[in-house]
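Engineer: Would you mind keeping the following structure in view while I ask a few things?
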Amino acid sequence: LTSDIKSHLVDTLRILLAESEDLKVLADLSGLDPFSFYEGADLRNADLGGQDLRGLSFFEADLRGANLGGVRYDKGAFNGSILSDKHKGFQDQFDGRLSDALLEPLRRVYMFARFRPETLNEIIEFLSISIQKFSESANISTTTLRKAKKGYVISFETAVGISEAINKISDQLNLKSVEFSGKIQIPMIEFLSDKVTGGFNRISREELLNINALSVRITESRAARGSTNIGENLLWRDRPRMLQWYDRIYNDRPHSRIRVTSPEEINSPVLPDLFDSGADD
Amino acid sequence: MVLINNRRRLLSEVASLDAWHSPIKTGAGKTQVSVELTFKEGRLGGDDEDFPFTFKMALKRATLSVSVEEPLLIDRRSIARNVPEALIEQTKIRSLREKMQANMGGKTTFGTDGLSSNFSIGANSSFAGANAEETKLVQMVPPILVVSEPYGAQEYRWTFEPSFTATLLGQPWDPVSEPRLAARYDFAEPPKICPEVEVTLTCKLSDVMIEDIQPKDPSVRDRLKGRYSYDARNSAAQQHLKQVLRVANLEPGSMDNRFSGLVLATVMSASEPED
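Top to bottom, those sequences are chains A and B. Under the numbering used here, think of the first position of the first sequence as 1, with each following residue one higher. Under the numbering used here, think of the first position of the second sequence as 1001, with each following residue one higher.
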């Protein structure tokens, strides 16, 4: 958007008075990025039957009562939107974006991930790059990349590597097309944490962003306590539930001088007593 | 990117915010923080020449955060948590019950023959419910539902949702009789630099509701006659206006991040002497 609000308001009127009711045509009239234009939109009861919605994202849009009969859309485009019960099939569990995997504070959290196979395959195909080259760029083995392409559970670091590689390669190829920028912004990753009893727990995108905020807060708290084990040491990572535990300890005892540096210390018989007698006066 | 300055906060038309606190006291003294918040809805654009149309705007949801600066700490016991009042009304349908007892008195004898007594009550089914005391739960629902949530040791948040209306309207609490929280200052020496108390109202783009865009030009307005309110063109135009207002609302130089909340208003709480 430029500095001239008047011309934008004329665009609003132009959309209102358009001939076509096609969402793609209307998004193009907006002069804004069509991919994200409908994010957070109120599309309740809109008749979109038969429209081609590929290249559009409906994240946080309200589509209750809308007619979605026969529409074509990108998988994941309706993740995070509000739909009528009969349209729940438009959503799947892959609600994380490539940009989520690249959130720096999450690298200190012990997590796993899974890609939607068709989206990852489509992107790699679009980049027209060999499996060998792509895995080199992602700093992973070709076996791991094949696993990711099949939708198997991979480590969070692998997901980071793949996300970085996609960004890097598309930058090198100078892929600035609207079609491609939509393709790599669409939700496509499911984040997971391991269970004590084996297997994985799904982490919704909302939870993921909370974990990200927690990680920032805990790093700050640790730094404020003079902890030696912070930030730069990526070999040490916490499980999401440990972050919540730390957060409670730190916030309930903001002035406590106790430093928590590892779960081993927490499990020691001495520390729990110290917490109970912490400085809560 | 920078729009004309006085329009930057056009989104703030949907709410007004003010905050004040009692002076900071040394030695574990409590500082009361009060917030006056009013949600509004209205038709905008009427007296602004740059707007070729008027429109209605209101909020579907919003979040207020109060954060205190170090070394102030939030006293957790002091937080206003807005639990809705529940009234329980107990209605004893005495006359009906008495009637039933009288009715059954001649017909059955309790205890000696369980089968016949059960059968008899079943036959008088209209009285079956009167056996129990009828308890009605009457809940006083405020127009704005408030959910409170801690956010670290220095911040607390309240989220607002309308309970029976479509959008937020009015005040969620009495700012004078219900301070939001008290902050603690645990040191004997007064602070060298007065710690700040910041109050911010945010929402998501999807929480802003824009409705009923009406062109000012009558001939243009006529072209919209007979159109359904849920026409995709209306929705797209409302969305476009939301996006324009969002960018106009951004602080100059701030990152354009559509996932971060829209800041509707920020105020620094002012220190006010107590009576």
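We put the beta carbon where it would ideally sit given N, CA and C, even for glycine.
According to DSSP, is K1216 (chain B) part of a helix, a strand, or is it coil?
Structural biologist: Of the three classes helix, strand and coil, the one that applies to K1216 (chain B) here is coil, per DSSP.
Engineer: Would you grab the beta carbon distance between R114 (chain A) and V153 (chain A) for me? Rounded to a whole angstrom, and I think it's under 8 Å.
Structural biologist: So it is a contact: roughly 5 Å between Cβ atoms.
Engineer: Can you look up E164 (chain A) in the DSSP assignment and give me helix, strand or coil?
Structural biologist: Note: E164 (chain A) maps to helix in three-state DSSP.
Engineer: List the residues of chain C whose Cβ lies closer than 7 Å to the Cβ of N45 (chain A), in chain order.
Structural biologist: In the displayed structure, chain C is absent; the protein chains listed are A and B.
Engineer: Give the interface partners of I1213 (chain B) over in chain A, defined as CB-CB distance under 9 Å, in chain order.
Structural biologist: The answer, in chain order, is T12, L13, L16.
Engineer: Would you check if there are 3 or more beta carbon pairs closer than 8 Å linking the stretch 1192 to 1206 of chain B to the stretch 1048 to 1055 of chain B?
Structural biologist: No: the two stretches stay apart, fewer than three of their Cβ pairs being nearer than 8 Å.
Engineer: In chain B, what lies closer than 7 Å to K6 (chain A) by C-beta?
Structural biologist: Simply D1050.
Engineer: I need the boundaries of the alpha helix (DSSP H) containing L29 (chain A), first residue and last residue.
Structural biologist: Run containing L29 (chain A): 23 to 29, per the alpha helix (DSSP H) assignment.
Engineer: Going by DSSP, what residue range makes up the alpha helix (DSSP H) through K147 (chain A)?
Structural biologist: Counting along the chain, the alpha helix (DSSP H) containing K147 (chain A) begins and ends at 142 to 149.
Engineer: Please determine, among B:Q1243, B:P1273, B:A1237, B:T1026, the residue with the shortest C-alpha to C-alpha distance to E19 (chain A).
Structural biologist: It is B:A1237 whose Cα lies nearest to the Cα of E19 (chain A).
Engineer: 8 Å is my cut-off, CB to CB: does A223 (chain A) come that close to chain B?
Structural biologist: Not an interface residue.
Engineer: For F191 (chain A), which residues in chain B fall below 7 Å Cβ to Cβ?
Structural biologist: The contacting residues do not exist; F191 (chain A) stays about 16 Å from chain B at best.
Engineer: Which chain B residues sit within Cβ distance under 9 Å of L23 (chain A)?
Structural biologist: Under the 9 Å cutoff, chain B gives A1232, S1235, A1236.
Engineer: Which residue or residues does DSSP assign as beta-bridge partners of N67 (chain A)?
Structural biologist: Its beta-bridge partners are A:D47.
Engineer: Are three or more beta carbon pairs between the stretch 143 to 160 of chain A and the stretch 109 to 129 of chain A nearer than 8 Å?
Structural biologist: With the cut-off at 8 Å, the stretch 143 to 160 of chain A and the stretch 109 to 129 of chain A touch.
Engineer: At 7 Å on the CB atoms, spell out the chain A contacts of A1248 (chain B), in chain order.
Structural biologist: I5, listed in chain order.
Engineer: Is the CB of F37 (chain A) under 8 Å away from at least one CB in chain B?
Structural biologist: Judged by the 8 Å Cβ criterion, F37 (chain A) is in contact with chain B.
Engineer: Taking 8 Å as the cut-off, decide whether the C-beta atoms of T158 (chain A) and I169 (chain A) are in contact.
Structural biologist: Contact: no.
Engineer: Please list the partners that S137 (chain A) has in chain B, where partner means a Cβ-to-Cβ separation under 7 Å.
Structural biologist: Chain B residues near S137 (chain A): none, gap ~27 Å exceeds 7 Å.
Engineer: Would you tell me roughly how many angstroms separate the C-alpha atoms of F327 (chain A) and R1233 (chain B), rounded to the nearest one?
Structural biologist: As displayed, chain A neither begins before 1 nor continues past 281, which places residue 327 (chain A) out of reach and without an answer.
Engineer: Identify the contact partners of D62 (chain A) in chain B, using a Cβ-Cβ distance below 8 Å as the criterion.
Structural biologist: Those are S1206, listed as they occur along chain B.
Engineer: Starting from the Cα of R44 (chain A), find the closest Cα among B:K1056, B:L1064, B:E1211, B:L1011 and give me that residue.
Structural biologist: Comparing Cα-Cα distances from R44 (chain A) to each of B:K1056, B:L1064, B:E1211, B:L1011, the minimum goes to B:E1211.
Engineer: Evaluate W236 (chain A) with the Cβ neighbour count: other Cβ atoms within 10 Å of its Cβ, from every protein chain shown; 16 or more gives buried, anything less gives exposed.
Structural biologist: So W236 (chain A) ends up on the exposed side.
Engineer: Report yes or no: is there a C-beta of chain A within less than 8 Å of the C-beta of V1267 (chain B)?
Structural biologist: Output row for V1267 (chain B): interface = no.
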